[in-house]
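Let me begin by presenting the structure, written as structure tokens, before commenting on it.
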Amino acid sequence: MRSNSWNVLSGNGNPATILASDFPATGRTVAGFGDLVARLGTTADAWETAPPPTGSEAAMSGADYLARWLPDATGGPVRTVLGFCVGSVFAAGLAAEIARHQDEPPRLVLFDPERPDPDLLHRHYHELVGGLAPLLSAPEIDEARQAGKRARHEHDGMRPLAAALCGLFREYGEPAFRRTGLDAERGAEVVATFASFLGYLVAAADLDPRPQWAGATALSSATPHSGLNPLPPEERTGLVAREISFDLPHTELLRDDQVARTVAQLLA
Amino acid sequence: MHTSEIRTSTGAGEGTGAVAASRKEEALWLLERLAPQSAANNLSVAFAVAGSIREDLLEQSLSLLVRRHEALRTVYRVSGARLTRTVLDPAGVRLVPAVLDTAPDTLDADLTAFVGRRFELDGGLLLRAAVLRGADREVVCLAVHHLVFDTLSAVPFLAELAEAYTALLDHGAPPPALLRTVPALVEPEAREESLEFWHKQLADYDPGALDLWCGAPDPAEPTLLGGRVSYELSEQARDAVARLRRSARAPEAVVLLAAYQLLLAAHGAGPDLAVGSPVDVRPRDAAGAIGYHVNVLPLRTRVTPEQPVRAFVRAARETFFDALAHADVPVDHLTGTVPRSGSSWRNMLFRHLFNYVPDTVLPNFTIGGADAEPLVVENGYSKFDLEFFVLSSADRLRIRAVHCTELLTAEEVTALLERYDALLVALAEDDRRPVGEIPVWSARDREVIGAANRTAAPIDPATVLEAFTARVAQAPDAPAVHGAAGATSYRQLWRAARAVERQLAAVGAGRGEVVAVAAARGPELAAAVLGSWLAGAAYLPLDPEHPEQRIAYQLADSGVRAVLTGPGVVLPGTGALPVLPLAPAAEAGPCPLPDAPVAADPAAPAYLIYTSGSTGRPKGTVVGHRALANLVAHFGAELAAGPGAAAIWLTTFSFDISGLELFVPLAHGGSAVAAPDEARTDGAVLRELVERHDAAVVQATPTTWRLVLDRVGGALRGRRVLCGGEPAPPPLVAALLATGCTLHHVYGPTETTVWSTSGVLTDPDRPVHVGRPIANTRVRVLAPDGSVLPVGVRGELCIGGAGLADGYHGRPELTAERFAEHPLLGRLYRTGDLARWRPDGTLELLGRADRQVKLRGNRIELGEVESVLLAHPEVRGAAVAVVGDPAADAVLWAFVEPASPAAADGADAADGLADRLWEHAGSRLPRAVLPQRFLVLESLPTTLNDKTDYPALVALAARQPRPAAPEDRPQEEAGEVRDQLVADLVGLWQRVLERQDVSGDTNFFSHGGHSLLGALLVQEAEALTGVRLKLADLFEHPTPARLAGCLRAADGGESTDRTGEGE
């Protein structure tokens, strides 16, 4: 059960005292909680959210995601809930729910916390398509991106936009799959991976993390479009209780020794 | 084409068990996967009959042949990642010809359409037949896949078809001999000796060097669409071939092959290049076998320019015969022995084919008593960039040149054929001449480029000063310059110029000196220039807006004698130099008008102007009076300048093109309208000036045009507009043309005086060209070895003629380097720009030459890679260079100066940064142009010119230890991969990631893998182990060791543990 909905990052097989919320399964190069926990040198039991099996997320709401993770997460007193990027939204939901089951609410520590919106979906599509060079030619990428922009204009709702972008990725990515030598099934698997990630972002948009974030500590990178950085000052202030900024790219935030020391202090 | 009856060939019979196809067969299939719409492997057999063909008898004959020859009823199926072959049982096999309507003028197209229809490898017969009726004669056509046929198969096929048909017609029964089954010929295994021969033959060969300098770059997704150009060699060329045959004692095929190789080399292939040549590999006792029994041999040659013609042909002969003696090795066994070309789809040793066939191979014949003539039918595709199919007969040499239309146009192929003809003639003229000296030009090339360079014209008057003073005498009261304070007449400008001359004389600034001028565009600046010339000095234009340091540098470097400053201009950095304020032009006192034009020395410098490259200190170009007069005379005529015609003086005077805006009107009696700086950014300001003065000529750079066009565009109709100074984007050209102006697209470096080429653009849909050389200007496009390139071939644009500057002030070495003395063409300025001649004699620019390199077949823009690295926040400086021999083992290195010095402190920190940069670059650049090595340096070395010292970096790279190769890894790592499954996966990682530094713990995604490649890896791992895997498994287990564990777990342990098992 646990192995399905949570990945164990450290510990001795006891119920988790640290929960980390992220979407780790995209084969990404962005540093993850595995990197951070390794640097914490902790023997505490730390678990990380595992996404639902590809395909099963299609109709899941934000509450469904929480419902998938919570039963296993309430076994012991959870001291800390960590969230990365959009995972911070689910971290807030997890923290709220866990607080109802134990005497002391868990600490909430967020890394570049971000609430998903249609622009974020579109940005992921835009970057994904760009990453298909050189399998796609510049005009092909351009065409795919234009189609993405049109989809963004046409859809303000998260779900319709996600569906549209997945369709575009399937359509415009197909030559790249073929040129890579992927058979149709493997190509579909790549699209499904993207759909699964978008599904995760869409579901997060169902949740309002602000009540929990207001009491949380946020660790921010220096990447302009990540986390709290793009927010106007008036919106940024008060969104979290405390913000600590690091001169690091978003991709490295969870892989930095100084960040790990700061987290260790917060956990102490 | 109208199909009157649809019938199909059937292959329903159950056959013998499927076996795996050979590598040679799989290679044909691979090509079809790469170009899934193509039918490039389709062959044809066709003949026209003088009479009527009976369909029933044709069907019986065809079916008989298909049953008789196992090869023809061999079918293929795709099963997963493999191709399998089965021979169908003869009983169930029929080949029913379709009957198709055609017409005389659509016959060729109808035949090509029939042949060019793709065969699916789904177990069906790989041939179909048709009778086409409606043309002059009935035509029988067979379309057949190369897997079961080749060109020579047509010989027995047609003979047996005619025999069977005739017998059926005459006797109602086929000849008994044709009822016997012919088993498919199994080619013997390649001999060890032959494999060894080819491995030796292809050692160090780089198939990535086969790109031609003409044609288009490889498409990402080839369609393999083909075209054909037919050409008959001239009588002179045939004579030449005959002479070369005798002198080199080589067969005709070898002479023609050698010339083909030289032709390709002269167009950029090689010089170490291989040409494919198909060879029949049927054993003598099976000479009539039908099937795919041809091997295409890679005939490799190294073209050394010094080699005499005769020796070159003889070497080609040796290569040819050696290859024939080892023809038993299919080329597909050899592709793995050389580095794969970087281009995305090509996996070949050659891209150019040479096929020599005596035309007696397929003679006319009779079928059922009627005369039949074999026809050549194209399939509409080309598997190679270019194929010369030479058909030789006693008195003719015909070439069918089949080409990939995406790469080469029919026009380009025709040009190649014409050059081939001319080359053959030239080769035979003197076979002791070094091959490098033989021009590979056709008569048409000479005509086109010769005409474009036929630009001689008198330069009259010989200097701009002379022209101006003549105008002063002719029409002293005409307006010369319109400034903020109104018009200044020629008379007044003359007076002001004389005043400047006196000012200069007072401080001893005269003949041979340089005088700096810093003033706003207006009559005072014009007077300063003219006054300097009257004094015998050259002017140096300075922009007061430039940084003080730069101004001080220019003043010191140029050895300026005095500085003239306009009203309100304060010039920093003048130090102890005399600074002479220019009086308002209107206040200059009277003086007599010149009674004759005032001459300046045409050989003396007119101005000295500084330009800066992207790095380094600015260099001063010295331009003579004659060069300037030539430009002004040319554009005076081209722009129809004359009295009353106004030109807008818009460009900042420290940019040399500003001179055209001032001097063309002053030399021709017109006026220059001095525009304020804001006219370069505010189109409304410019429009007001254009309209108020009804300006005939407006010149600006593309950047300026982009800024002002929306406001000024409406006022440009009918005016002459110049655009140049940087590449003009086609949308801007279209927008300019839409205004209704006459658009002169101009090009030229400062070193050849403002502009060297000019062309009027008219069609927004045609590629933008830069016109032809201007008067007294000669342009050449040169290859890296200095040979002069013909029409359509890319090379460095070099300029000679009257516009050439004297050189760089005080920089003799740089002058000698850039203003090179060409052995045949004299003094030329090497622009560093890539260009090609177009067939109409205009020039097309193709970017900068010095920062484009080619590695393993990929063109790499080094500057582009550097800018990607520089975009990383941890990087302060970046330099990218090719280290090693680009033809062999060269590696792309990135040298990085970190933003924080700590990143270079210690190997771990440097490695960490290198890893991050690798990932950063990997997500933004095609993998083929990704640097393979990163070196983090405290700071990048620089030359005395403050440019990055690339040679020092290359030397530094050469001193670095090589990364550990798998065989010399430390013991423990070798032990780690002792597990066979992990070792196999490491191999898979290496192959998919195209890098060698992989161990059992290499994370796929942090070493360049992305999800698509991940899916490919999973697909291959599944094929390797037979265990069903999902992409998510790789996400979870991203290293070879972990994925091995996952595979074992999924498979219940032992069966995928191949430790110790031999494969």
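Note that the protein sequences, when read in sequence, are chains A and B. First residue of the first sequence: 1, per the UniProt record's numbering; consecutive thereafter. First residue of the second sequence: 1, per the UniProt record's numbering; consecutive thereafter. All C-beta atoms in this analysis are idealised placements derived from N, C-alpha and C, irrespective of residue type, glycine included. For clarity, every value in this text was computed on a predicted model and none was experimentally measured.
Put simply, the CB of A:A176 is near chain B, with a gap under 8 Å to one of its CB atoms.
For B:T762, DSSP records no beta bridge to any residue. Secondary structure of B:R794 (DSSP, three-state): coil. Under the three-state reduction of DSSP output, B:T455 falls in the coil class, being neither helix nor strand.
With respect to chain A, the C-beta atom of B:V1018 has a partner C-beta closer than 8 Å.
When B:R959, B:L736, B:R300 are compared, the shortest CA-CA separation from B:A258 is found for B:R300. In the structure shown, the three-state DSSP call for B:F365 is strand. Close CB contacts of B:L1013 within its chain, under the 6 Å cut and outside five residues either way in sequence, are with V992 (chain order).
Close CB contacts of B:A266 within its chain, under the 6 Å cut and outside five residues either way in sequence, are with V440 (chain order). The beta carbon of B:V560 sits closer than 7 Å to the beta carbons of V514, V515, A516, L540, L577 from its chain, once the five residues preceding and following it are set aside; these are given in chain order. Around the beta-carbon of B:L564, 16 or more other beta-carbon atoms lie within 10 Å, marking it buried. Residues of chain A with a Cβ closer than 8 Å to the Cβ of B:P873 are, in chain order, A222, P249. When B:A1049, B:T757, B:K1030 are compared, the shortest CA-CA separation from A:G187 is found for B:K1030.
The C-beta of B:A1015 comes closer than 8 Å to at least one C-beta of chain A. The C-beta of B:G724 has 16 or more other C-beta atoms within 10 Å across all chains shown, which makes the residue buried. Residues of the UniProt domain "Carrier" (976-1051) of chain B with a Cβ closer than 8 Å to any Cβ of chain A, in chain order: F1004, F1005, S1006, G1009, H1010, S1011, L1012, L1013, G1014, A1015, L1016, V1018, Q1019, K1030, L1031, A1032, L1034, F1035, E1036, P1038.
In the three-state reduction of the DSSP assignment, B:H809 falls in the coil class, being assigned neither a helical nor a strand state. When the Cα atoms are used, A:E143 and B:L707 turn out to be separated by approximately 27 Å. Counting only unbroken stretches of 3 or more residues, the beta strand (DSSP E) elements lying wholly within the region 508-532 of chain B are 514-518, in sequence order. For B:V186, the number of other beta carbons within 10 angstroms of its own is below 16, and it is reported as exposed.
Collapsing the DSSP output to three states places B:E821 in a strand. When DSSP states are grouped into helix, strand and coil, B:P702 belongs to the helix group. Nearest to B:R626 by alpha-carbon distance, out of B:V883, B:A190, B:A805, is B:A805.
Sequence-distant partners of B:A473 (beyond 5 residues in either direction) whose C-beta falls short of 8 Å from its own C-beta, in its chain, are L593, P594, D595, A596, P597. Against chain A, a Cβ distance below 9 Å from B:S532 picks out nothing, because the smallest value is about 50 Å.
Residues of the region 41-63 of chain A whose Cβ lies closer than 7 Å to any Cβ of chain B, in chain order: T54. Just measuring C-alpha positions, the residue of B:L686, B:Q549, B:A162, B:S999 sitting nearest B:N364 is B:A162.
Taking CB atoms only, B:S756 has no neighbour in chain A less than 8 Å away. Under the 8 Å criterion on CB atoms, B:S923 is classed as interfacial with respect to chain A. By the C-beta criterion, the region 642-652 of chain B is judged not to be in contact with the region 444-461 of chain B, since fewer than 3 inter-stretch pairs fall below 8 Å.
The C-beta separation of B:T750 from B:T611 comes to about 5 Å, placing the pair in contact by the 8 Å criterion.
A:K149 counts as exposed, since fewer than 16 other beta carbons sit within 10 angstroms of its beta carbon. According to the DSSP assignment, B:Y76 belongs to the beta strand (DSSP E) that extends over 74-79.
Residue burial is scored here from C-beta neighbours: B:Q201 has at least 16 other C-beta atoms within 10 angstroms and is therefore classed as buried.
For A:T217, the enclosing beta strand (DSSP E) has its first and last residue at 217-220. When DSSP states are grouped into helix, strand and coil, B:E378 belongs to the coil group.
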